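First to last, the sequence lines map onto chains A and B. Letter by letter, the first sequence follows residues 1 to 317 of UniProt numbering. Letter by letter, the second sequence follows residues 1 to 317 of UniProt numbering.
Number of protein chains: 2
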Amino acid sequence: MAKITITDIAKQAGVAKSTVSRYLNGGSVSKKTRLKIDQVVKDADYKPNAFAQSLKKQTSHTIGVIVPRLDSFAQTEMLRGLDAANQDDILLILNTYQDDDLVQNAIEQVDILGLGGVILFATNLTPTIKDALHALDVPVVIQGQNDPAFARVIVDDNLAGSAIGHVAANSTNTLIISVDPQQDFEVGAVRYQAVTSQLTKHYDTVYADFSLATAKQVTTQALATTRYDTIIALSDLMAAGALQSLKNANVNVPEDTSVYGFGGTLISDLVSPNITTFAFDYFAVGQQLYHLFKQQQIKPEPTKIIIGGTLVNKQSN
Amino acid sequence: MAKITITDIAKQAGVAKSTVSRYLNGGSVSKKTRLKIDQVVKDADYKPNAFAQSLKKQTSHTIGVIVPRLDSFAQTEMLRGLDAANQDDILLILNTYQDDDLVQNAIEQVDILGLGGVILFATNLTPTIKDALHALDVPVVIQGQNDPAFARVIVDDNLAGSAIGHVAANSTNTLIISVDPQQDFEVGAVRYQAVTSQLTKHYDTVYADFSLATAKQVTTQALATTRYDTIIALSDLMAAGALQSLKNANVNVPEDTSVYGFGGTLISDLVSPNITTFAFDYFAVGQQLYHLFKQQQIKPEPTKIIIGGTLVNKQSN
DNA sequence: TTGTATGCGTTATCAA
DNA sequence: TTGATAACGCATACAA
C-alpha cells in the first residue's frame with residue numbers, strides 16, 4: 001500500500017498542505033476547497049500517519065493496558081468491556097504474567113512508546129510500581145486494588161465477601177482458600193475479611209496463587225488431616241481446583257461439603273456441580289475503566305468507582 | 001517524567017546529536033566520546049522516542065496480532081508462545097470478536113499505525129481479507145488456515161482428526177459437532193474429514209460456532225430425536241457444551257456415550273468426566289509464529305510449519 | 001480563508 | 001571519527 005501523505009493530497013487538490021491539515025482537523029476551510037479535498041482524500045484512500053501525528057502532538061491515542069494474565073475470564077471480560085466502550089483509542093495490551101518486574105517494564109514502555117495513558121489491572125501495588133506510576137505524566141487508572149492515590153474501578157469485595165460469608169455463616173468447619181494479602185490485598189485481605197466476619201464457627205485458611213493447580217494441591221493437603229463441611233475459595237478457578245481435590249478424596253458436593261467461589265465466570269458453569277458464586281459484572285468494570293480514563297484526561301482526580309454484583313445460587317451448596 | 005531528547009544528551013556530552021545517534025545505533029564512535037556519552041545517557045535515563053524513530057525509518061517494531069477471541073485457552077496459549085519468543089518487538093493485540101469486518105479494520109490499522117507486520121489468527125480467510133493482506137507491504141504470517149499463499153503455522157488437523165476418528169472408528173452412531181467450513185475451513189473441513197474418514201458406521205453432523213452455549217444447544221436438539229454412542233466435538237469447549245447437554249438428558253458419560261474433544265486445553269481437565277482429547281502444543285505454535293515472522297522480514301516466502309500433538313486419553317470414552 | 005515557515009525527535013548523507 | 005544539515009509527515013503560529 002503506497003504511503004500517500006498530506007503533501008500528495010495538497011498537490012492533487014491544488015492547495016497548501018496546511019490547508020489539508022486544517023481540513024482534516026476541522027479548522028476553517030471554505031466550502032469549495034472542502035469539497036475538492038473531500039474528493040481527493042476519498043479516492044486516494046488517504047490515512048494520516050500516526051507516528052507523525054504523535055510526534056507532533058507529543059502524545060498518542062494508544063492506551064497501555066497492563067494485565068497480569070490473559071487466561072482468565074475476568075480479565076478478558078474486562079478487556080471486552082474496555083473495547084466496547086472504546087471510542088477512538090488503540091489499546092495496547094501488555095501481559096505481565098503475574099510478574100511484578102514485568103509490570104515495571106510495561107510502565108517504562110509508556111515513555112518509550114509515548115503512550116497516552118495507562119490502565120492497570122493491579123494485583124500487587126508495590127511501592128516501586130506506585131512510584132513509577134506517579135512519575136508518569138499521563139492519565140493512570142487502576143483496577144483491582146482500592147488505593148486512594150489513584151483513580152480506580154473496583155468490585156465490591158465487602159459486599160461479595162459478606163454475601164458468601166452470610167450463606168455459609170453457620171458452617172461448623174470451613175476451609176478458606178485465599179491468596180497472600182501481600183500479593184493481592186483486595187482479595188487476600190478485604191474480600192477475605194468480609195467472608196470471615198460472617199462466619200460464626202471455626203475456619204482454617206490456606207493460600208493459593210489464583211491457579212487451579214495450586215488450589216487443588218493446598219486443598220488436598222488440608223483434607224489430609226481435616227474434614228470440612230464448607231470450602232470457600234476466593235475465586236472461581238480456585239474453587240474448581242478445590243472441587244477436583246474433593247472429587248479425588250471421594251467427598252460429595254454438596255452433600256458432604258459445600259463449595260463457594262467468586263467471580264461468576266464461565267468456570268462456575270463448566271464444572272460439576274456448578275459452583276455457587278458471587279458474580280461480578282466484569283464487562284461493566286471494563287466499560288467504567290475506559291470512561292474513567294477519558295475523564296482523567298480532562299480532569300485528573302482519584303475517583304473511586306465501585307461495581308456491585310449478585311450472589312448466584314447454583315448446585316454446590 | 002521529563003522527555004529528554006537526543007539533543008539534550010548531545011548538549012550535555014558536548015558533541016553533535018548526530019554523534020549521539022551514531023552511538024545509539026552502533027556506528028563508529030571513538031572510545032573517548034563513547035564513554036562520555038555512556039555516562040550522560042545513563043544518568044539522564046534517556047529513552048529514544050519511538051515515534052520519531054518510526055517516522056524516520058518508515059516502519060515500527062510493533063507487530064499487529066489479530067486474534068478472533070481472547071477468551072480461548074488456545075489463543076492465549078499461542079499469545080504466550082509469541083510473547084516468550086519475542087525478542088525486541090511490541091505486540092499489539094487486536095481482538096476481532098470473530099467478526100470478519102473487524103479483521104478488515106485491524107488490517108487497516110497496519111497502515112494507520114505503521115505496524116511492522118501482521119500475525120493473523122485466521123478462522124475465515126475471505127477473499128477480501130486475503131486481498132487486504134496481499135496489499136500490505138509488511139510481513140504477514142497466519143495461523144489456523146493452511147493457505148499456500150501465506151507463510152503459516154498450523155496444527156496437524158489430519159493427524160488429530162484421524163487419531164480421534166480411529167479411536168471412535170467402530171462406534172455405531174456418532175454425532176459430530178463441527179463448525180461451518182465456510183467459517184473455518186481448517187477445522188470444519190480438514191479436521192472434520194480426517195475424523196469421518198476413519199468412521200466405519202453411521203454418523204450425523206451438526207454445526208456450532210465454537211461456543212459452549214451453541215454446542216450445548218445443538219446437542220440437545222440432536223439428542224431429542226436420536227441416541228448416540230459417541231459424540232465428537234471439534235473443539236474442547238464444544239465438547240464441554242455437549243457434556244452439559246448429555247448431563248441434562250441423564251445420559252452417562254462414558255457408559256452410555258463417549259465424548260471426544262480437540263485442543264487439550266484446560267477445559268478438558270475442568271469438566272467431569274475429563275474429556276479425551278487430541279492435545280496440540282499451542283505454546284509452540286506461538287513460538288513458531290514469531291520465528292516465522294522474523295524470517296519473513298529477511299526473506300519472504302510462503303513457508304508452512306506444522307505442529308503436531310498427541311492423543312490424551314482421559315475419562316470420557 | 002489560505003499559504004509560508006518552522007519544529008516535533010530521530011536517522012542518514014555528506015563534507016570536513 | 002565527527003558535525004552540520006536535510007528529511008520523515010504532520011500541525012500550528014503567523015502573515016497574507
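In this text, a Cβ means the ideal position worked out from N, Cα and C, and glycines have one as well. If you're wondering where the values come from, they're calculated on a predicted model, not measured in any experiment.
Beta-carbon gap between residue i and residue j smaller than 8 angstroms
i, j, result
"A:Ala50", "B:Ile107", "no"
"B:Val206", "B:Ile177", "yes"
"B:Asn86", "B:Tyr290", "yes"
"A:Thr277", "A:Val312", "yes"
"A:Glu77", "A:Gly308", "no"
"A:Gly117", "A:Phe262", "no"
"B:Asp71", "A:Phe73", "yes"
"B:Thr174", "B:Thr230", "yes"
"A:Ser316", "A:Pro254", "yes"
"A:Ile4", "A:Ala52", "no"
"residue 328 of chain B", "B:Ala160", "Nothing about residue 328 of chain B can be reported from this structure: the residues present for chain B run from 1 to 317 only."
"B:Thr123", "B:Gln182", "no"
"B:Ala279", "B:Thr303", "no"
"A:Ser60", "A:Leu94", "no"
"residue 384 of chain A", "B:Leu55", "This structure gives no information on residue 384 of chain A, because the portion of chain A shown stretches from 1 to 317."
Chain-ordered chain B contacts of residue i [CB-CB under 7 angstroms]
i, result
"A:Thr76", "Leu70 and Asp71"
"A:Asp83", "Asn95"
Cross-chain neighbours of residue i in chain B, by beta carbon under 8 angstroms
i, result
"A:Leu79", "Leu70 and Asn95"
"A:Phe54", "The residue you asked about is not Phe; residue 54 of chain A is Ser in the sequence shown. Residues of chain B passing the Cβ test: Phe51."
"A:Leu120", "Those do not exist, as A:Leu120 stays about 16 angstroms from chain B at its closest Cβ, beyond 8 angstroms."
"A:Asp156", "Within chain B, no residue comes near A:Asp156; the closest Cβ sits about 23 angstroms away, beyond 8 angstroms."
"A:Ala240", "Leu270"
Cβ neighbours of residue i in the same chain (closer than 6 angstroms, five flanking residues each side left out)
i, result
"B:Ala240", "Leu212, Ile267 and Val271"
"B:Lys36", "Ala13"
"A:Tyr260", "Ile164, Ile232 and Thr276"
"A:Leu92", "Thr62 and Gly64"
"B:Met238", "Ile177, Ala208 and Ala215"
"B:Tyr23", "Val29 and Ile37"
"B:Gln288", "Val153 and Ile305"
"B:Ala249", "Leu223"
Cβ-based neighbour list, residue i, same chain, cut-off 7 angstroms, excluding 5 preceding and 5 following
i, result
"B:Ser245", "Lys216, Thr219, Thr220 and Leu223"
"B:Thr126", "Asp100"
"A:Val179", "Val187, Gly188, Tyr207, Ala208, Asp209, Phe210 and Leu234"
"B:Leu102", "Thr96"
"B:Gln198", "Ser162, Gly165, His166 and Ala169"
"B:Gln75", "Val67, Arg69 and Phe121"
"B:Tyr228", "Asn173, Thr174, Leu175 and Thr257"
"A:Pro148", "Pro302"
"A:Thr265", "Phe73, Ala74 and Asp236"
Within chain B, the residues that residue i reaches when beta carbons sit closer than 9 angstroms
i, result
"A:Ile267", "Leu270"
"A:Lys247", "Ser272"
Neighbouring residues, chain A, relative to residue i (Cβ below 8 angstroms)
i, result
"B:Gly114", "Asn49, Ala50 and Phe51"
"B:Ile90", "Leu92, Gln109 and Leu113"
Residues of its chain near residue i, where Cβ-Cβ distance is below 8 angstroms and the 5 sequence neighbours each way are ignored
i, result
"B:Glu186", "Gly144, Gln145, Asn146, Ile154 and Asp157"
"B:Gln104", "Thr128, Ile129 and Ala132"
"B:Ala284", "Gly81 and Ile307"
"B:Ser21", "Ile6 and Gly27"
"B:His202", "Thr172, Asn173 and Thr174"
"B:Asn274", "Ser268, Lys314, Gln315 and Ser316"
"A:Val141", "Gly117, Val118, Ile119, Leu120, Phe150, Ala151, Arg152, Val153, Leu289, Leu292, Phe293 and Gln296"
"B:Asp88", "His61"
Q: Starting from the N-terminal side, write out each stretch of the alpha helix (DSSP H) that is 4 residues or longer and does not extend beyond the UniProt domain "HTH lacI-type" (4-57) of chain B.
A: Listed in chain order, they are 6-13, 17-24, 31-44 and 50-57.
Q. Which runs of the beta strand (DSSP E) fall wholly inside the region 77-115 of chain A and span at least 3 residues, in chain order?
A. Taken in chain order, the whole beta strand (DSSP E) runs of length 3 or more contained in the region 77-115 of chain A are 90-95.
Q) Is the region 5-12 of chain A touching the region 37-45 of chain A, taking contact as three or more C-beta pairs under 8 angstroms? A) Because the criterion of three Cβ pairs below 8 angstroms is met, the region 5-12 of chain A and the region 37-45 of chain A touch.
Q) Just checking, does the region 13-31 of chain B make contact with the region 70-88 of chain B on the three C-beta pairs under 8 angstroms criterion? A) With contact defined as three or more Cβ pairs closer than 8 angstroms, the region 13-31 of chain B and the region 70-88 of chain B are not in contact.
Q) For the region 215-290 of chain B, which segments carrying the alpha helix (DSSP H) assignment without a break, of at least 4 residues, lie completely within its bounds, in sequence order? A) Annotation: the region 215-290 of chain B contains the following complete segments of the alpha helix (DSSP H) (minimum length 4 residues), in chain order: 236-248 and 266-270.
(Q) Quick check for students: name the residue ranges of the alpha helix (DSSP H) that lie wholly in the region 151-187 of chain B, counting only runs of 4 or more. (A) The qualifying runs are 157-167.
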